[in-house]
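Protein chains in written order, with the working numbering: chain H, 1 to 421; chain P, 1 to 421. For every residue, glycine included, the Cβ atom is placed at its ideal position computed from N, Cα and C. Since the structure is predicted, the reported quantities are computational estimates derived from the model, not experimental observations. See below for the structure under consideration.
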């Protein structure tokens with residue numbers, strides 16, 4: 001396809017999505033839920049078709065020499081389909097944020113002013129490999145009244161188109177414009193370039209994938225982008241922390257799923273508790289196969305800790321490695337987090353009331369926690385139901401983004417003939 | 001100044017602002033309010049200094065041949081200073097949004113999750129002429145815990161620097177880093193270019209001014225921008241509207257201040273009520289000197305209405321001109337608004353319960369009103385206290401932006417040793 005053809009097609013898709021989104025915005029909750037349940041049923045009914053299309057991607061991937069980890073993520077096996085089906089039904093069961101009205105107040109002029117929750121319009125999703133994102137993201141957007149344009153990894157194109165086809169079929173049956181869920185039907189990178197310029201028709205871009213993808217998207221987009229680059233999460237062990245509480249929290253945060261963004265990457269230990277805490281936690285960490293890289297003070301207490309170099313501070317290891325630093329006091333810990341954290345998840349283990357309050361107030365991260373594992377920073381765990389991504393910038397949303405974060409609020413006014421004096 | 005010097009200086013300003021914003025974020029409400037009251041007092045005390053600096057701008061403006069309207073807007077006379085002082089005191093009296101916690105819920109895991117309101121960080125304001133914006137914007141940002149970098153019109157540079165100097169003097173006296181309120185001290189356009197790229201240190205850009213300025217900013221900014229291009233507001237007169245209510249609302253919306261963004265620009269009248277409504281409203285409008293430009297149907301009813309051309313539909317006149325169209329029904333009105341509206345303010349005059357609800361739900365604008373004048377779309381009228389601008393896009397804020405819109409929310413978690421299963 002020529003660049004002009006690509007541009008023409010993507011523009012057309014965006015325009016169609018915008019048109020469809022207008023009607024979808026006032027679609028009843030009942031209809032939206034029925035569509036979600038039907039899509040779930042169809043995914044099960046059309047398992048064989050999905051597998052066949054997915055196989056095209058898998059064979060192409062094998063030929064291209066994709067790693068077995070990548071092929072794994074690409075595979076739409078029964079378990080993955082099961083999880084998409086569960087996800088769809090869970091999203092259907094969530095309350096619909098659209099139309100909610102709050103902050104209704106009578107003003108001195110006599111008018112009654114409130115705010116009504118409304119969809120954003122059209123959301124562009126740009127993501128890598130896992131084709132299940134196609135269904136998860138489209139379902140969250142649909143439930144919140146938004147149209148979606150999906151652009152998955154080129155290695156998953158057949159799988160993504162198959163899933164979109166099933167969803168569009170259900171939409172058409174329910175007399176909803178199928179343009180509200182579209183997958184860009186070609187893999188040329190130019191499609192993304194065009195998509196990112198269509199600010200008239202697309203309201204939000206959410207990139208999900210590696211740092212390279214996210215940087216590319218945010219540097220080239222004329223449309224607002226919600227993203228997080230990385231999760232460099234820290235745990236600060238305060239001087240009077242409960243060691244029996246701190247050790248399991250550190251272990252859980254570091255080892256439960258080391259490859260995810262809310263895994264622990266840095267441990268800061270108050271100097272007064274370091275002699276009693278560090279040897280205990282180190283024994284457990286070593287037992288779990290974690291490599292510790294620390295400052296001189298930590299190595300003086302636990303000689304098995306390797307010497308950290310400058311790059312270890314603030315590094316997102318995503319594996320069984322943990323940076324360790326003994327700090328003078330909480331000021332130093334907060335300053336360190338300000339410098340090396342990624343505004344994702346920061347936790348304190350403490351028994352001091354004053355320090356817990358100060359940490360919650362002063363640390364700048366999308367989630368700040370006292371005496372709980374970093375792993376809780378997650379839409380499901382926080383009660384959002386499901387998440388479409390995590391934002392580590394503060395505009396519009398900060399932290400896990402659920403249905404509400406896919407909406408905005410307009411002002412509504414009930415008057416009885418008021419005019420402005 | 002060379003481009004390199006400009007770049008160096010603006011980068012330094014942004015870095016300083018970011019550093020200052022970290023401390024300001026946890027500054028007490030009491031301190032922030034004391035600063036605001038003190039600035040108000042200083043503006044009065046230093047009236048002569050302000051007048052002298054303002055005079056430099058005024059003479060330069062006269063020499064450059066600025067229009068008398070522009071010179072008017074530039075002037076910091078007693079009345080304008082009075083209004084800045086009142087504004088400062090009003091902002092001091094508003095509740096501080098920072099630190100507010102809501103949505104606190106116990107989750108099945110045992111953790112207690114809530115959301116704490118926090119400042120955005122550093123706000124870049126880019127605006128034209130009126131130097132009072134310098135104080136208004138800085139005060140709103142300060143109260144919401146944000147640092148501001150201000151870049152006003154080049155014709156107001158002495159006035160803006162004088163006002164910033166006074167504010168910085170008060171900040172220093174209160175031991176707050178003066179870098180939290182800074183005016184770019186030169187007028188070279190390159191300063192704006194640099195500012196718009198500093199996404200690491202600046203969290204939000206708010207442009208205020210003509211459409212040219214706003215387009216330039218939003219097309220060149222790597223930082224999120226909150227803006228509105230224009231206000232093309234409509235009033236739809238439903239078939240069973242109360243004529244005695246509709247006429248004053250149209251008059252107030254169109255004529256009270258025709259030059260502002262929430263003034264009425266288009267009137268849509270249901271065909272059934274047009275014969276009784278149009279002649280009455282036209283008489284009043286003509287009396288007030290309003291020129292009406294209408295469709296054939298409207299001209300058949302009121303021959304004095306001029307023939308509208310294609311450009312009149314959706315035009316932001318900002319003067320005593322009103323586009324008039326007779327519509328078949330509410331569907332046509334809603335469709336027309338979708339095509340020609342600017343997502344600013346849309347109103348319906350009706351006595352139909354069903355139509356009022358449908359209009360509120362289906363019309364996409366930052367403020368949708370029933371039986372009240374468009375002129376109410378304003379931060380003060382809506383109870384936000386004061387506004388830093390109006391957003392006509394849905395990301396982060398939609399409509400007038402007050403203190404709350406200058407904040408975000410982070411998740412906070414109170415745990416008692418919970419780990420993730």
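Check	Outcome
DSSP state of residue 86 of chain H, grouped into three classes?	helix
In this structure, how does DSSP classify residue 322 of chain P when only helix, strand and coil are distinguished?	strand
Here's the rule: buried if 16 or more other CB atoms are within 10 angstroms of the residue's CB, otherwise exposed. What is residue 378 of chain P?	buried
Rounded to the nearest angstrom, what separates residue 329 of chain H and residue 228 of chain P at their Cα positions?	47 Å
Give me the chain P residues within the contact set of residue 224 of chain H, using Cβ-Cβ distance strictly less than 9 Å, ordered along the chain.	224, 225, 393, 395, 396
Closer than 7 Å between beta carbons: that is the criterion. Which residues of the segment 294-324 of chain P meet it against chain H?	none
With DSSP as the reference, please indicate the residues paired to residue 108 of chain P in a beta bridge.	Note: residue 108 of chain P sits in no beta bridge, so no partner.
Is it true that the segment 157-177 of chain H meets the segment 203-217 of chain H, where meeting means three or more beta-carbon pairs spaced less than 8 Å apart?	no
Can you list, in chain order, the residues of its chain whose CB lies under 6 Å from that of residue 133 of chain H, leaving out five sequence neighbours each side?	127
Using a Cβ-Cβ cut-off of less than 9 Å, list which residues of the segment 4-29 of chain P approach chain H; keep chain order.	22, 25, 26
Assign residue 260 of chain H to buried or exposed, taking buried as 16 or more other Cβ atoms, counted over all protein chains shown, within 10 Å of its Cβ.	exposed
Jot down the residue ranges of each uninterrupted alpha helix (DSSP H) in the segment 42-74 of chain H, minimum 4 residues, whole runs only, in chain order.	47-64, 68-74
How long is the line joining the alpha carbons of residue 413 of chain P and residue 363 of chain H, rounded to whole angstroms?	13 Å
Can you name the residues that DSSP bridges to residue 182 of chain H?	H:149
Using CA coordinates, which residue listed in H:292, H:313, H:309, H:310 is at the minimum distance from residue 433 of chain H?	Absent from the structure is residue 433 of chain H, since the part of chain H shown begins at 1 and ends at 421.
How far does the beta strand (DSSP E) with residue 400 of chain H in it reach, from first residue to last?	399-401
Just confirm the distance between the C-beta atoms of residue 84 of chain H and residue 206 of chain H, as a whole number of angstroms; I'd bet it's less than 8 Å.	Going by Cβ atoms, the distance from residue 84 of chain H to residue 206 of chain H rounds to 18 Å, so no, they are not a contact pair.
So, helix, strand or coil for residue 6 of chain H, using DSSP?	helix
On the three-state DSSP scale, how would you describe residue 135 of chain P?	helix
Taking beta-carbon pairs under 7 Å, can you tell me which members of the segment 136-147 of chain P lie near chain H?	none
Kindly indicate which residue of H:387, H:18, H:338, H:404 has the alpha-carbon position closest to the one of residue 103 of chain P.	H:404
Could you tell me whether the Cβ of residue 252 of chain P comes closer than 8 Å to any Cβ of chain H?	yes
For residue 447 of chain H, count neighbouring C-beta atoms within 10 Å of its own C-beta (all shown protein chains included) and say buried if the count is 16 or more, exposed if not.	In the structure as shown, chain H begins at 1 and stops at 421. Residue 447 of chain H is therefore absent and cannot be evaluated.
Under a CB-based cut-off of 8 Å, is residue 272 of chain P close to chain H?	no
Around the C-beta of residue 365 of chain P, are 16 or more other C-beta atoms found within 10 angstroms, so that it is buried, or is it exposed?	buried
Within 10 Å of its beta-carbon, does residue 148 of chain H have 16 or more other beta-carbons around it, so buried, or fewer, so exposed?	buried
Under the three-state reduction of DSSP, which class applies to residue 1 of chain P: helix, strand or coil?	coil
Tell me the start and end of each unbroken alpha helix (DSSP H) in the segment 313-361 of chain P that is at least 4 residues and wholly inside, in chain order.	330-340
Just to make sure I have the definition right: I need the residues of chain H whose C-beta is within less than 9 Å of the C-beta of residue 414 of chain P. Which are they?	356, 360, 369, 370, 371, 372
I'd like to know if the segment 191-200 of chain P and the segment 279-288 of chain P are in contact, where contact means that at least 3 CB-CB pairs between them fall below 8 Å.	no
I need the straight-line Cα distance from residue 55 of chain P to residue 361 of chain H, nearest angstrom please.	45 Å
Do residue 431 of chain P and residue 326 of chain P have their CB atoms nearer than 8 Å?	In the structure as shown, chain P starts at 1 and stops at 421, and residue 431 of chain P therefore has no counterpart that could be examined.
Using a 10 Å radius around the Cβ and a threshold of 16 neighbouring Cβ atoms, would you call residue 335 of chain H buried or exposed?	exposed
Measuring alpha carbon to alpha carbon, tell me which residue in P:317, P:231, P:114 is nearest residue 106 of chain P.	P:114
Can you check which of these residues, P:352, P:350, P:204, is closest to residue 17 of chain P by C-alpha distance?	P:204
From which residue to which residue does the alpha helix (DSSP H) around residue 246 of chain P run?	243-255
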